[in-house]
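Visitor: Got a structure for you, questions after.
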Amino acid sequence: MTDETLKTTPLNAAHRAAGARMVGFGGYDMPVQYEGVLAEHRWTREHAGLFDVSHMGQCKITGDDAIAQFERFVPGDYEILKTGKQKYSLLLNAEGGIMDDLMAGKPDHDGLYVVVNAGNKDADFAFLQANLAGDAKLTILADRALLAIQGPEAAEVMAQHEPLLAEMGFMECARLMLFGCDCFISRSGYTGEDGYEISVPADQAERVWNTLLQDARVKPIGLGARDSLRLEAGLPLHGHDIDASTSPVEGALTFALSKSRKERADFNGADRVLKELADGPSRIRVGLSVKEGAPAREGAEIADADGNIIGNVTSGGPSPTLGRNIAMGYVPPAFAGLGTELKVVVRGKPAAAEVIATPFVAQRYYRKPKA
Amino acid sequence: MKFTKDHEWVSLDGDIATVGISKHAADALGDVVFVETPDAGKTVAQGDSFAVVESVKAASDVYAPVSGEVVEGNAALASAPETVNADPEGEGWFAKIKISDASQLDALMDRAAYDAFLATL
C-alpha cells in the first residue's frame, strides 16, 4: 500500500523488516509504530529509543559570510556561539512569523550545520538559497541519514561506541568518526530525555541502525511515540503549534531571542517581535491539563469559564507518563496565567481544563558539571 | 456474530444486540486510550456514529451496525479503555441495543465472509 509519491529514507527496508506500521509524514513513508505507541513511549522514558529522523533536512552553510547571512533570518546570536555548541532557533519571515524551527550549530570549524523540519525543508532550502548573499553557500546534505537515540540509557549505550560522548553536555555538538564513518553528533533531541542526534552517511545508516539495535537497552521507536514524547516535553511541532503566522512571542519561544539580537533589532520580522515583547502579544501558547473527558486534540476550541471561545488547541492527547490528558494551544494573555480555569470543547462537550506549566514531564537533559 | 465493512461486530440474543469493534479494528487502532459509549435511551439508526474510540494518535467514530434503542453502554470502558485491545470481541463490547429491525442483520457478514473481506484490504 505504499504511496508511490512518498519518498523513503535509507532505513525504509529495515523498518518494514521490523514489522513497522508505515504512514506518510512530511512527504516520507515513515514508521509510525513498531510494537505500539504506548510501549515505545514508555521504553524511551525508561531505557533508550532509536528513531529514524532521516526525513528531516540537513545542510551546511559555509563561507566567510555564512553566519552574518544566516543571522538575517534567525533571532539567535550565532557569531558568539562557540565551536562545539548548537542553538535552537527560528527561521522568521519579514512579518516575524515562524517559517520553521531548527537546530544550528558549529560541530566543526566550517560554518554552520543546520537541521530543519521534513515538511518545510524544500521551502527552507529554496528560501535560503535565494536569500543568502555574499559568499555564504548552502549545501544540502541529501546523502546523509539522521538517527536519534533518546532516553536515560542512551548515554551508556553511546559511550560503549565512543567514550568521549559521555563528556558532551546538552546542546554540544561535534564532527567525528563514529561507527567507522564521518558523523555529525549533538547531545539533544525531541523527547525531553537525554540523548543524541547522529548524522551518518546514507549508505552507512542501516549498518549503524542495526549495530545500535543489537544493544538490549535499545528499541526502535516510531513517529507516534515521538509525537507523544515531544508533547509531554512541551516542545512545539511546526505546522501545528507554531507556523508562519505565529511569532516567537506568541509561540512562547522568547528564549530563542538572543539579547544581542534584540538590541540590534537586525533580524527578519524584528519590528513585530520587539513590539510584542514590549506591548504583549494578542495570543500566547500555553500548556493545558485536561481534567475530564476525552483527549483534546488539534482544532478543539478553548473557552473561558463562562463558555466564550477564546482560542484553539494546537496539539494534545493522552500523556502516558502522567496518565491524563494534556494539550497545548493559544489563548489571550489574560487567560494564560498558571492555574487559570478554562474549558476545552471536544465534540461539542465542554470539559474542564487548567493552564499548567510546560514541560508537562520534567526534561532530563545532561548538563555538564561546572568546572 | 456478524460484521460490517466498517469493522463493527454485532451479536444477537433475543432482540438485544451487543455491538463492538472487531479484533482487526482494535489491532489497527493500536493502544486504545479513551472510549465514549452511548447512554441508555439513545435511539440510533444503522450507520450512525454512536460511539468514539481514541488511540494515542487519533479519534475514530464507531458506527451503529443496527438500528434501535441503546439499553446499556459499556461503562467499564471509561476507566479501562485498554479492554478494547485485550478482548475486542468480548469484554470490550461498546453497547447493547434493542433492535428495531432484525432483518438488518441479514445483510451483514458472517465470520467467514468478514475474514474474506479482510483478505481483500
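Chains as they are written, first to last, in the numbering used here: chain W, 1 to 371; chain B, 372 to 492. All residues carry an ideal CB built from backbone N, CA and C; glycine is no exception. This structure is a prediction, so every number in the text was calculated from the model and none was measured.
Nearest-angstrom Cα distance between W/E301 and W/G316?
Guide: Taking the first sequence and counting its residues from 1, the one referred to as residue 301 of chain W is at position 301. Taking the first sequence and counting its residues from 1, the one referred to as residue 316 of chain W is at position 316. Roughly 12 Å separates the two Cα atoms.
Visitor: Per DSSP, what kind of secondary structure is W/P318 in: helix, strand or coil?
Guide: If you number the first sequence from 1, residue 318 of chain W lands on position 318. When secondary structure is reduced to three states using DSSP, W/P318 falls in the strand class.
Visitor: What is the rounded straight-line gap between the Cα of B/F374 and the Cα of W/A294?
Guide: Here residue 374 of chain B corresponds to residue number 3 of the second sequence, with the count starting at 1. Here residue 294 of chain W corresponds to residue number 294 of the first sequence, with the count starting at 1. Cα-Cα distance, rounded: 27 Å.
Visitor: Tell me which same chain residues have a C-beta within less than 6 Å of the C-beta of W/T5, skipping the five on either side of it?
Guide: Residue 5 of chain W sits at position 5 when you count from the first residue of the first sequence. For W/T5, where only same-chain residues beyond five positions count, there are no Cβ hits under 6 Å.
Visitor: Would you mind telling me which residues of chain W sit closer than 7 Å to B/D402, beta carbon to beta carbon, in chain order?
Guide: The residue you call residue 402 of chain B lines up with position 31 of the second sequence. Chain order gives the chain W residues near B/D402 as G36, V37 and L38, where near means a beta carbon separation below 7 Å.
Visitor: Suppose you measure from the CA of W/S245 to the CA of W/T8; what does that come to, to the nearest Å?
Guide: As a first step, residue 245 of chain W is located in the first sequence; it is residue number 245 there, counting from the start. As a first step, residue 8 of chain W is located in the first sequence; it is residue number 8 there, counting from the start. Each residue's alpha carbon lies about 30 Å from the other.
Visitor: Report the start-end ranges of each alpha helix (DSSP H) in the stretch 74-140 of chain W that is 4 residues or longer and not cut off at the edges.
Guide: 121-131
Visitor: For W/E354, write down the residues that DSSP places opposite it in a beta bridge.
Guide: Along the first sequence, one-based indexing puts residue 354 of chain W at 354. The secondary-structure analysis by DSSP pairs W/E354 across a beta bridge with W/S289 and W/E341.
Visitor: I want to see whether chain W comes within less than 9 Å of B/V415, judged by CB atoms only; does it?
Guide: Along the second sequence, one-based indexing puts residue 415 of chain B at 44. No, no contact with chain W.
Visitor: Return the residue from the list W/P318, W/R42, W/A20 and W/G36 that minimises the CA-CA distance to W/R217.
Guide: For this step, residue 217 of chain W is matched to residue 217 along the first sequence. Taking only the C-alpha atoms, the option nearest W/R217 is W/R42.
Visitor: Within its chain, find whatever has a CB closer than 8 Å to the CB of W/R367; leave out the 5 residues flanking it on each side and keep chain order.
Guide: Walking along the first sequence from the start, residue 367 of chain W turns up at place 367. Scanning its chain for C-beta atoms nearer than 8 Å, with the 5 sequence neighbours on each side dropped, one finds around W/R367 the residues G169 and F170, in chain order.
Visitor: Can you tell me the Cα-Cα spacing of W/C386 and W/V200, whole angstroms?
Guide: This structure leaves residue 386 of chain W out entirely; chain W is present only between 1 and 371.
Visitor: Identify the residues that DSSP records as bridge partners of W/D182: which are they?
Guide: What you label residue 182 of chain W is simply residue 182 of the first sequence in a count that begins at 1. Under DSSP, W/D182 forms a beta bridge with W/M177.
Visitor: Which residues bound the alpha helix (DSSP H) around W/K275?
Guide: If you number the first sequence from 1, residue 275 of chain W lands on position 275. DSSP places W/K275 in the uninterrupted alpha helix (DSSP H) bounded by A270 to D279.
Visitor: Determine the closest residue to W/A123 out of W/E40, W/I140, W/P281 and W/A133, with distance taken between C-alpha atoms.
Guide: By one-based count along the first sequence, residue 123 of chain W stands at place 123. W/A123 has its Cα closest to that of W/I140, out of W/E40, W/I140, W/P281 and W/A133.
Visitor: Note the first and the last residue of the continuous beta strand (DSSP E) segment covering W/M30.
Guide: Within the first sequence, residue 30 of chain W is the residue found at index 30, counting from 1. That run of the beta strand (DSSP E) goes Y28 to Q33.
Visitor: Using 8 Å as the cut-off, can you tell me whether the stretch 217-230 of chain W makes contact with the stretch 22-35 of chain W, which would need three or more C-beta pairs spanning the two stretches below that distance?
Guide: yes
Visitor: If we cut at 9 Å on Cβ distances, does W/A294 have a partner in chain D?
Guide: Of the protein chains in the structure, W and B, none is chain D.
Visitor: Please list the partners that W/Q33 has in chain B, where partner means a Cβ-to-Cβ separation under 7 Å.
Guide: Reading the first sequence from its first residue, position 33 is the one you call residue 33 of chain W. Here the neighbours are G401.
Visitor: So W/A94 and W/G269 are in contact, right, with Cβ under 8 Å, and what is the actual spacing, rounded?
Guide: Within the first sequence, residue 94 of chain W is the residue found at index 94, counting from 1. Within the first sequence, residue 269 of chain W is the residue found at index 269, counting from 1. Rounded to whole angstroms, the Cβ separation of W/A94 and W/G269 is 6 Å, and the two are in contact under 8 Å.
Visitor: Taking Cβ-Cβ distances below 9 Å as the criterion, which residues of the stretch 276-304 of chain W are in contact with chain B?
Guide: G293, A294, P295 and R297
Visitor: Within 10 angstroms of the Cβ of W/N12, are there 16 or more other Cβ atoms? Answer buried if so, exposed if not.
Guide: On the first sequence, position 12 is the one that residue 12 of chain W refers to. Classification of W/N12: buried, given that the 10 Å Cβ count is 16 or more.
Visitor: Using the Cα positions of W/Q86 and W/E354, report the straight-line distance between them to the nearest angstrom.
Guide: Taking the first sequence and counting its residues from 1, the one referred to as residue 86 of chain W is at position 86. Taking the first sequence and counting its residues from 1, the one referred to as residue 354 of chain W is at position 354. Here the alpha carbon of W/Q86 sits roughly 34 Å from the alpha carbon of W/E354.
Visitor: Residues of the stretch 311-323 of chain W in Cβ contact with chain B at a cutoff of 7 Å, in chain order, please.
Guide: Residues G317 and P318.
Visitor: Listing by chain order, which chain B residues have their CB less than 9 Å from the CB of W/R347?
Guide: Here residue 347 of chain W refers to the residue found at position 347 when the first sequence is read from its first residue. Those within 9 Å of W/R347 in chain B are E407, V423 and A430.
Visitor: Distance, Cα to Cα, B/S471 vs B/R482?
Guide: For the purposes of this step, residue 471 of chain B is taken as the residue at position 100 of the second sequence. For the purposes of this step, residue 482 of chain B is taken as the residue at position 111 of the second sequence. Approximately 23 Å between the Cα atoms of the pair.
Visitor: So, is B/T491 buried or exposed, given that buried needs 16 or more other C-beta atoms within 10 angstroms?
Guide: Numbered from 1 along the second sequence, position 120 holds the residue referred to as residue 491 of chain B. Its Cβ having fewer than 16 others within 10 Å, B/T491 is exposed.
Visitor: Shortest alpha-carbon distance to W/V346 belongs to which of W/V331, W/A303 and W/V273?
Guide: Counting from one through the first sequence, the residue named residue 346 of chain W turns up at place 346. Checked all of W/V331, W/A303 and W/V273; the closest Cα to W/V346 is W/A303.
Visitor: When DSSP labels each residue in this structure, what does W/K219 get in the three-state scheme?
Guide: Start at 1 with the first residue of the first sequence, and residue 219 of chain W comes out as number 219. Note: W/K219 maps to strand in three-state DSSP.
Visitor: B/V427 versus chain W: which residues are under 7 Å apart at the beta carbon?
Guide: For this step, residue 427 of chain B is matched to residue 56 along the second sequence. Going along chain W in sequence order, the residues near B/V427 (Cβ under 7 Å) are V37, L38, G224, S228, G317 and P318.
Visitor: Taking the C-alpha atoms as reference points, what is the distance between W/Y113 and B/E425?
Guide: For the purposes of this step, residue 113 of chain W is identified with residue 113 of the first sequence, where counting begins at 1. For the purposes of this step, residue 425 of chain B is identified with residue 54 of the second sequence, where counting begins at 1. Whole-angstrom Cα-Cα distance: 40 Å.
Visitor: Verify the CB distance criterion: does W/H41 have a CB-CB separation below 9 Å to chain B?
Guide: Locating residue 41 of chain W in the first sequence gives position 41, where the first residue counts as 1. Yes - at least one Cβ of chain B is within 9 Å of the one on W/H41.
Visitor: Does the separation of the CB atoms of W/L277 and W/L253 fall below 9 Å?
Guide: As a working mapping, residue 277 of chain W is identified with position 277 in the first sequence. As a working mapping, residue 253 of chain W is identified with position 253 in the first sequence. The beta carbons of W/L277 and W/L253 sit no closer together than 9 Å.
Visitor: Taking Cβ to Cβ, would you say W/D100 is nearer than 9 Å to W/D143?
Guide: Residue 100 of chain W sits at position 100 when you count from the first residue of the first sequence. Residue 143 of chain W sits at position 143 when you count from the first residue of the first sequence. Cβ distance not < 9 Å, so W/D100 and W/D143 don't count as in contact.
Visitor: Would W/D271 be called buried (16 or more neighbouring beta carbons within 10 Å of its own) or exposed?
Guide: Numbered from 1 along the first sequence, position 271 holds the residue referred to as residue 271 of chain W. Classification for W/D271: exposed.
Visitor: Please check if any C-beta of chain B sits within less than 9 Å of the C-beta of W/R45.
Guide: For the purposes of this step, residue 45 of chain W is taken as the residue at position 45 of the first sequence. No, because no Cβ of chain B sits closer than 9 Å to the Cβ of W/R45.
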